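**Q** Position 229, counted from 1, in the sequence shown is what numbering that gives the first Met the number 0 calls 228; the numbers after and before it change by one each time, with no gaps.
One structure coming up, written as C-alpha cells, with questions to follow.
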Amino acid sequence: MLVAVFTLTVLALIVFVAVVTLRWSTELIKSPEPDQPSSPQDFGLPFTEVLFPSQDGLTLHGWFIPAQQVTSFSLEDDDWAAASKGTVIFGHGRFGSKDPDLKYAPWFREAGYNSFLFDFRGHGRSEGNYTSFGFHERKDLLGAIDFLRGKGISSVGVMGFSLGAAVGISTAAVCEDIQAVIADGTFVALRGALARGARERGVPSWVVRWLGAFILWLAGRRVGGDLEESEPIRWVSEIAPRALFLIHGERDRYVSTDDVRLLYDRAGEPKELWIVPDAEHRRSDELYPEEYRQRVLGFFDRYLTPASGENRS
0 MLVAVFTLTV
10 LALIVFVAVV
20 TLRWSTELIK
30 SPEPDQPSSP
40 QDFGLPFTEV
50 LFPSQDGLTL
60 HGWFIPAQQV
70 TSFSLEDDDW
80 AAASKGTVIF
90 GHGRFGSKDP
100 DLKYAPWFRE
110 AGYNSFLFDF
120 RGHGRSEGNY
130 TSFGFHERKD
140 LLGAIDFLRG
150 KGISSVGVMG
160 FSLGAAVGIS
170 TAAVCEDIQA
180 VIADGTFVAL
190 RGALARGARE
200 RGVPSWVVRW
210 LGAFILWLAG
220 RRVGGDLEES
230 EPIRWVSEIA
240 PRALFLIHGE
250 RDRYVSTDDV
260 RLLYDRAGEP
270 KELWIVPDAE
280 HRRSDELYPE
290 EYRQRVLGFF
300 DRYLTPASGE
310 NRS
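So, in C-alpha cells, the structure goes:
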C-alpha cells in the first residue's frame, strides 16, 4: 500500500512539473497579440517604410523618420545620415511593438535626430513565431544596424524599453556602432524577473525556486538558444567606453531597484542612473514628461557622436 501511494505521489509530482514547465515556457516565448496599429502619419511625421533582414534572415518591418532639418530623402537614397545630429534606433518591449513608441519620435525629430523604429521578430508586422528575451532579438537589432550602415549611417544610439532595453545592452557589448544606450525598464537577470513576475500573478515563490531553471532551459530549447546567455548583467561591463543611461521606476513590479543598482555598478564609465520616484514599469515618462524628454535628449546630445564622414548639424 505504501509503495502504491509513494508511486502515485511521484507520478503526480512528475505530471505537475511537466505541466507547469511546459505551460510556463510557452507563456515566456509566445508571440503577442498585435498592438493597435498606428503610423507616423498619425503624428504628422514624414517617414519611409522599410523591410530589412535580421542577421538570420527573418524579414523585419520598420519606419525611418528623418530629422527636422532633413528636407528630402527616399528609400533609394544611400546617405540617410546627411544633415542630422545622429540616428536613434528604438527597441520596444516584450509583447509590444514599435507602434506605441511613436509618441517619442516628434521629440527626436525636433531635436535634430533621425529615428528608426522596428518590430522585433514575432511582434508587430515582423516575421517570426516567438520571442526569446534577447537571445535572438540581438540579431534583429544587428540587422537594423546593418541596414542603416548601407544607408551611410555607421554610428547609432539605442533607446530601448523593457525587452528592447535588455537587447540594447547585450548588443552594444558586441557592436561598436552603438555609441550610446538608454535602457528604460530593463530586466537584469531572467530568474529574478521570472520570480517577480510569478509573485505578481500569485504563484508561490517555491515554484520558481524549484522550477525556474528548468522552465528557462525548456523555453530555450524550444527557441534554439540559452535565454540566460543574453542577460544584461552578463554583458553590461563590455559597453564602456561607450555610454549607458539606465532609467528605472521606483515602483517597478518586475525589476527591483537593487538589481538595477547592481547593473549600474557593473557598467563602466560613462554611465548615468535615474531612479524615478513613484514610477511603475516603463511609466517614468508619464509622471515626468518634460524631465524625461530633457534627460533623454541631453544624454544623446552628449554621447551620440556621428562617425567620421557623417554630418552633424
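Every residue, glycine too, gets a C-beta built ideally from N, C-alpha and C.
Predicted model, so just to flag it, every value in this text is computed and none were measured.
Report yes if the CB atom of residue 130 is closer than 7 Å to the CB atom of residue 121, and no otherwise.
**A** Their beta carbons are under 7 Å apart, which means residue 130 touches residue 121 by this criterion.
**Q** Please report how far the alpha carbon of residue 238 lies from the alpha carbon of residue 22, in whole angstroms.
**A** Between residue 238 and residue 22, the C-alpha separation is close to 35 Å.
**Q** Which residues does DSSP list as the beta-bridge partners of residue 112?
**A** 85.
**Q** Output the boundary residues of the alpha helix (DSSP H) element that contains residue 144.
**A** From DSSP, the alpha helix (DSSP H) with residue 144 extends over 136-148.
**Q** What residue from 256, 277, 301, 281 has the CA that sits closest to residue 270's CA?
**A** Here the closest residue by C-alpha is 301.
**Q** So what does residue 273 bridge to, in DSSP terms?
**A** DSSP, once it has assigned bridges, lists 246 as partnering residue 273.
**Q** If you run the structure through DSSP and keep just helix, strand and coil, what is residue 261?
**A** Residue state, collapsed to three classes: helix.
**Q** Based on the DSSP output, what are the partners of residue 155 in its beta bridges?
**A** 177.
**Q** Where are the beta strand (DSSP E) runs, 3 residues long or more, that stay fully inside the stretch 31-66, in chain order?
**A** Entirely contained in the stretch 31-66, the beta strand (DSSP E) runs reaching 3 residues are, in chain order, 47-52, 58-64.
**Q** Tell me the DSSP secondary structure of residue 192 in three-state form.
**A** Note: residue 192 maps to helix in three-state DSSP.
**Q** In terms of residues, what are the limits of the alpha helix (DSSP H) holding residue 297?
**A** From DSSP, the alpha helix (DSSP H) with residue 297 extends over 288-302.
**Q** Can you say whether residue 307 is buried or exposed, counting buried as having 16 or more other CB atoms within 10 angstroms of its CB?
**A** In this predicted model, residue 307 has a pLDDT of only 48, less than 50, meaning its place in the structure is not dependable enough to derive any value.
**Q** Since residue 235 and residue 168 should fall inside the 8 Å C-beta cutoff, what is the C-beta to C-beta distance between them, to a whole number of angstroms?
**A** Yes, residue 235 and residue 168 are in contact; Cβ-Cβ is about 6 Å, under 8 Å.
**Q** Taking the Cβ atom as the reference point for each residue, do residue 313 and residue 288 lie within a distance shorter than 7 Å?
**A** The first residue shown for the chain is 0 and the last is 312, placing residue 313 beyond what the model contains.
**Q** Check the DSSP bridge columns for residue 90 and list the partner residues they point to.
**A** According to DSSP, residue 90 bridges with 159.
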